[in-house]
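**Student:** I'd like to ask some things about the structure below.
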Amino acid sequence: MKLGPNPAWGYLNNPQIKVLAYNDDPPNIPARNRKSKAKGVLLIDKRRNDAAAWFVHTVPNFLAHLGGYSWPPTETAKGHIFLCLSFREEFLNSVGKAIRYQEPYIYANNLPANILNQHEELSNLVNGVEIRVTPFLENAKFVTKSAQVQANIQAFGKHSKSFADIYGRVLRNKLSANIRIWAPSDARSKSICKGQYKLRKIASPMQFADSEVSREADSTRWALVEGKNTVCLTTNDYKNSEKKVPGAAVCLENANVYNAFSQAASNISYICQF
0 MKLGPNPAWG YLNNPQIKVL AYNDDPPNIP ARNRKSKAKG VLLIDKRRND AAAWFVHTVP
60 NFLAHLGGYS WPPTETAKGH IFLCLSFREE FLNSVGKAIR YQEPYIYANN LPANILNQHE
120 ELSNLVNGVE IRVTPFLENA KFVTKSAQVQ ANIQAFGKHS KSFADIYGRV LRNKLSANIR
180 IWAPSDARSK SICKGQYKLR KIASPMQFAD SEVSREADST RWALVEGKNT VCLTTNDYKN
240 SEKKVPGAAV CLENANVYNA FSQAASNISY ICQF
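In terms of numbering that gives the first Met the number 0, the sequence shown opens at residue 0 and continues consecutively.
Shown next, in the form of structure tokens:
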């Protein structure tokens, strides 16, 4: 992924690569979904056996399908995250179910009937089948497909009916760990020092590589899972009102990625007294 003469999004459409794309602020059409902030693309390559990928990102008006596209210039000065995960097709149902709980707005879809017939949860996602079963939370686990290094992935979907906080209730409890979070918050939503696992807010601005990043100028939301070499890319603010908003967290276990984020997240707004 790069800006320049040949960006990754500049290639012509390949009819053998099937696509499902979702975004609350999709390209070339007005914003459609004011609830879910989930943004991503699911890809299935029909030229190869067992070839699928999930591309998760934070950019509005991105990425166009079967049409002209250029990077939104208003987003250049802002911070964004892109995560591309390749995986075996046996995990399509799990990934589809996690996305379904995020209540996304699907703006492009050409998944053929034979794929949907094989993967019920993908079919439910495409056809907007309503989720009726409590607790309205989903946790999918899979590994990436790589000839060199596989990575463990956990994908969480938080339905609006769950009334759950993605950070305190979902990530902190489900992953059984202390977490540090980078997300917009309000005065009521404080660091959590009680209980076995703590939640601490990262202070703004933070130093990321050679750049100082303020929360106001950053479109990303993420959490560090301490002691597990895991970084979670999230969609929700850390506010009480967000309990009614659908949410997503895609958690990648990778020591190098964790260490890079951990260095940037060393300044905590409130230090818990142990």
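Yeah, the Cβ is synthetic: ideal placement off N, Cα and C, and Gly gets one too.
1) Only counting the same chain, and skipping five residues up and downstream in sequence, which positions put a Cβ closer than 6 angstroms to that of L2?
2) Please work out which residues of its chain come closer than 7 angstroms, Cβ to Cβ, to S261, disregarding the five sequence neighbours upstream and downstream, and give them in chain order.
3) Specify, as a first and last residue, the run of the beta strand (DSSP E) that A248 falls within.
4) Expressed to the nearest angstrom, what Euclidean distance is found between the alpha-carbon atoms of T233 and K144?
5) Could you give the distance in angstroms between the alpha-carbon of L115 and the alpha-carbon of L84?
6) Specify the secondary structure class of Y106 as computed by DSSP and reduced to three states.
7) Indicate whether F90 and A37 have their beta-carbon atoms separated by less than 9 angstroms.
8) Quick check on the DSSP output: what are the complete beta strand (DSSP E) runs of length 3 or more inside the region 180 to 251, in order along the chain?
9) Can you tell me whether R46 is buried or exposed? The criterion is at least 16 other CB atoms within 10 Å of its CB, across all chains shown.
10) Consult DSSP for G127 and reduce its assignment to one of helix, strand or coil.
11) Around the C-beta of G95, are 16 or more other C-beta atoms found within 10 angstroms, so that it is buried, or is it exposed?
12) Hey, how far is the Cα of L110 from the Cα of F54?
13) Taking C-alpha atoms, which residue in R99, P25, V18 and S240 lies nearest to N123?
14) Consider the Cβ of F141: report whether some Cβ of chain D lies at a distance smaller than 9 angstroms.
15) So for A163, helix, strand or coil by DSSP?
16) Less than 9 angstroms separating the beta-carbons of N239 and S188?
17) From this set, V58, C231, K157 and D23, which residue's C-alpha is nearest V132's C-alpha?
18) For S85, name the three-state secondary structure that DSSP assigns.
19) Once DSSP output is grouped into helix, strand and coil, what is the label at A259?
20) Could you give the C-beta distance for V244 and K34, rounded to a whole number, given that I count them as a contact under 8 angstroms?
21) Taking the beta strand (DSSP E) that I114 falls in, what are its first and last residues?
22) Starting from the Cα of R214, find the closest Cα among P59, A263 and A52 and give me that residue.
23) Just curious, the alpha helix (DSSP H) that K96 is in, first and last residue?
24) Report the residue from Y196, P183 and C192 whose alpha carbon sits nearest the alpha carbon of S203.
25) Any idea which residues DSSP pairs L41 with across the strands?
26) Any idea what DSSP makes of L62, helix, strand or coil?
**Tutor:** In brief:
1) Position 3 of the sequence shown, counting from 1, holds the residue named residue 2. Bear in mind that the predicted position of L2 carries a pLDDT of just 45, short of 50, making it unreliable; the figure below should be weighed with that in mind. If we look at L2 and ignore the five residues flanking it on each side, it has no Cβ neighbours.
2) Counting from 1 along the sequence shown, the entry for residue 261 is found at position 262. L223.
3) As a working note, residue 248 is residue 249 in the sequence shown. It spans G246 to E252 - the beta strand (DSSP E) in which A248 sits, taken as one unbroken run.
4) On the sequence shown, position 234 is the one that residue 233 refers to. On the sequence shown, position 145 is the one that residue 144 refers to. Approximately 22 angstroms, taken between the alpha carbons.
5) The residue labelled residue 115 in the question sits at position 116 within the sequence shown. The residue labelled residue 84 in the question sits at position 85 within the sequence shown. When rounded, the distance between both Cα atoms is 20 angstroms.
6) Stepping through the sequence shown from its first residue, residue 106 is reached at position 107. Residue state, collapsed to three classes: strand.
7) Working through the sequence shown from its first residue, we reach residue 90 at position 91. Working through the sequence shown from its first residue, we reach residue 37 at position 38. Contact flag unset, no.
8) 198 to 200, 205 to 207, 210 to 212, 221 to 224 and 229 to 233
9) For the purposes of this step, residue 46 is identified with residue 47 of the sequence shown, where counting begins at 1. Label assigned to R46: exposed.
10) By 1-based counting over the sequence shown, the position of residue 127 is 128. Looking at G127 - three-state DSSP - the assignment turns out to be coil, as it is neither helix nor strand.
11) As a first step, residue 95 is located in the sequence shown; it is residue number 96 there, counting from the start. Buried: at least 16 other Cβ atoms inside 10 Å.
12) As a first step, residue 110 must be located in the sequence shown, where it is residue number 111. As a first step, residue 54 must be located in the sequence shown, where it is residue number 55. If I take the Cα positions, the gap works out to 16 angstroms.
13) Walking along the sequence shown from the start, residue 123 turns up at place 124. When each option's Cα is compared against that of N123, the closest is R99.
14) As a matter of chain content, chain D is missing from the structure shown, which is built from one protein chain.
15) Mapped onto the sequence shown, residue 163 falls at position 164. If DSSP states are grouped into helix, strand and coil, A163 belongs with coil.
16) Counted from its first residue, the sequence shown places residue 239 at position 240. Counted from its first residue, the sequence shown places residue 188 at position 189. The answer is yes: Cβ separation under 9 angstroms.
17) Working through the sequence shown from its first residue, we reach residue 132 at position 133. Among V58, C231, K157 and D23, the Cα nearest to that of V132 belongs to K157.
18) Reading the sequence shown from its first residue, position 86 is the one you call residue 85. DSSP places S85 in strand when its eight states are reduced to three.
19) Position 260 of the sequence shown, counted from the start, is the residue given in the question as residue 259. In the structure shown, A259 sits in a helix (DSSP, three-state: H, G or I).
20) Counted from its first residue, the sequence shown places residue 244 at position 245. Counted from its first residue, the sequence shown places residue 34 at position 35. Yes, V244 and K34 are in contact; Cβ-Cβ is about 6 angstroms, under 8 angstroms.
21) Taking the sequence shown and counting its residues from 1, one reaches residue 114 at position 115. First-last for I114: A112 to Q117, but that is the alpha helix (DSSP H), not the beta strand (DSSP E).
22) The residue given as residue 214 occupies position 215 in the sequence shown. It is A263 whose Cα lies nearest to the Cα of R214.
23) Locating residue 96 in the sequence shown gives position 97, counting from the first residue. Start and end: L91 to Y100.
24) Walking along the sequence shown from the start, residue 203 turns up at place 204. Comparing Cα positions, the closest option is P183.
25) By 1-based counting over the sequence shown, the position of residue 41 is 42. According to DSSP, L41 bridges with L19 and W53.
26) The count along the sequence shown starts at 1 and reaches residue 62 at position 63. Here L62 sits in coil by DSSP.
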